[in-house]
Amino acid sequence: MNYVTDVKTLFFPKYCSSCNRNLMHFESAICMHCLSHLPRLHVHDEKDNAVEKIFWGRVELNAATAFLQMPRNGIAHRLVHRLKYHNDQEVGERLGVLFGHELMSSERMKNIDVIVPVPLHPKKLHLRGYNQCDCIAKGIGETLGVEVSQNNLTRTHFSASQTRKGRISRWSNVKDIFWVREPERLEGKHIFIVDDVITTGSTIEACASALNKIKGVKLSVGALAIPSS
Ligand SMILES: [Zn+2]
-4 MNYVTDVKTL FFPKYCSSCN RNLMHFESAI CMHCLSHLPR LHVHDEKDNA VEKIFWGRVE
56 LNAATAFLQM PRNGIAHRLV HRLKYHNDQE VGERLGVLFG HELMSSERMK NIDVIVPVPL
116 HPKKLHLRGY NQCDCIAKGI GETLGVEVSQ NNLTRTHFSA SQTRKGRISR WSNVKDIFWV
176 REPERLEGKH IFIVDDVITT GSTIEACASA LNKIKGVKLS VGALAIPSS
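By my numbering, the letter at position 22 of the sequence shown is numbered 17, and the numbering carries on one by one without gaps.
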């Protein structure tokens, strides 16, 4: 540790986003202890894994995976909560970096050309001030040395009347809320769609349907976490 880092940690202490312990100068966002207890899924190269099963018969994907499993009140749950509701963008990037390191050694994911974070609903983006999927995508992109395409896939506004409709009619609307501004920029590429948490999969399905219309694309999906009981 050098003097400058030493002084910085003294005056601007940083805390673990999971357990709130003081971070050492070499730790970033998550302490070593919590890091070693991350509930990693390790399913990137597993065909028909739990994430892929969500999309069976719904949309054509090359592969789908998730970094963590997220039981209620566990480490992953706390971290995702910090990322989404406490402006902890740093933990999103850190988790993205860790996810990226795993993807580097994945057979199915190693030739990703571009990363596309799921766009946030414009109203939510306005309220939150940032898109948590952008943070995760940034960490993955930096680690893999792959471009993150942030504004090409676009999400349109919901009208208030649409949110009051029933589940089925709402789904038919969800399908059409994503569109691609400049499809030619993504032609022929292996696109990695990044989401924070995949539950029903309908958002990803809608994104993938929009992206699958582009000539020659191959789509893979990666969630930071999937819920587990
Ligand atoms: Zn910790």
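For each residue, glycine too, the CB sits at the ideal point set by N, CA and C.
The Cβ-Cβ distance between Gly124 and Glu88 does not fall below 8 Å. By the neighbour-count criterion, in which a residue is buried when 16 or more other Cβ atoms sit within 10 angstroms of its Cβ, Arg150 is buried.
No heavy atom of ligand 1 is found nearer than 7 Å to the CB of His76.
Using a Cβ-Cβ distance cut-off of 8 Å, the region 101 to 118 and the region 62 to 73 are not in contact, since fewer than three pairs of beta carbons, one from each stretch, lie closer than that value. A straight-line Cα-Cα distance of about 22 Å links Ser204 and Ile131. Under the DSSP assignment, Gln127 falls in the alpha helix (DSSP H) whose first and last residues are Gln127 to Leu139.
When the beta-carbon positions are compared, Cys128 and Asp43 stay at least 8 Å from each other.
With fewer than 16 other Cβ atoms from the protein chains shown falling within 10 Å of its own Cβ, Phe7 counts as exposed. By alpha-carbon distance to Arg176, the top candidate from Glu200, Ile221 and Ser144 is Ser144.
By the 16-neighbour rule on beta-carbons within 10 angstroms, Glu102 is exposed.
In this structure, the C-beta of Ser223 stays at least 7 Å away from each heavy atom of ligand 1. Here the C-alpha atom of Trp51 lies approximately 34 Å from the C-alpha atom of Asn82.
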